[in-house]
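Heads up, the sequence shown is in the working numbering, so the first residue is 135 and it goes up one at a time. Note that beta-carbon positions come from the ideal geometry of N, C-alpha and C, so glycine has one too. None of these values were measured; they are calculated from a predicted model.
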Amino acid sequence: MTARGERRRRAILDATLALVGREGTAAVTHRAVAAEAGVPLAATTYYFDSKEELIRDALTDAAGSAA
């Protein structure tokens, strides 16, 4: 993955965590995450096939960072 791709993926994960923190997992949609991250909607679906994958990867990443 390119550096730009890594930055974009990181922004999507961070946006997902922000949404979960503010509004819970029910608020997480590809559209809401894209708006929060400031990326095109297509970017969220490029990196994450489903809402569940997006939430799982964001929470796993956050748990790994906390360790």
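Please look up how many angstroms separate the CB atoms of residue i and residue j, rounded, as I've assumed it's under 8 Å.
i    : j    : result
V154 : L188 : No, V154 and L188 are not in contact; Cβ-Cβ is about 10 Å, not under 8 Å.
V173 : R142 : 6 Å
A192 : T150 : 4 Å
E170 : A152 : 6 Å
Taking the continuous alpha helix (DSSP H) assigned at residue i, which residues delimit it?
i    : result
G155 : A137 to E157
A171 : H164 to A171
For residue i, which of helix, strand or coil comes out of DSSP?
i    : result
S199 : helix
D183 : coil
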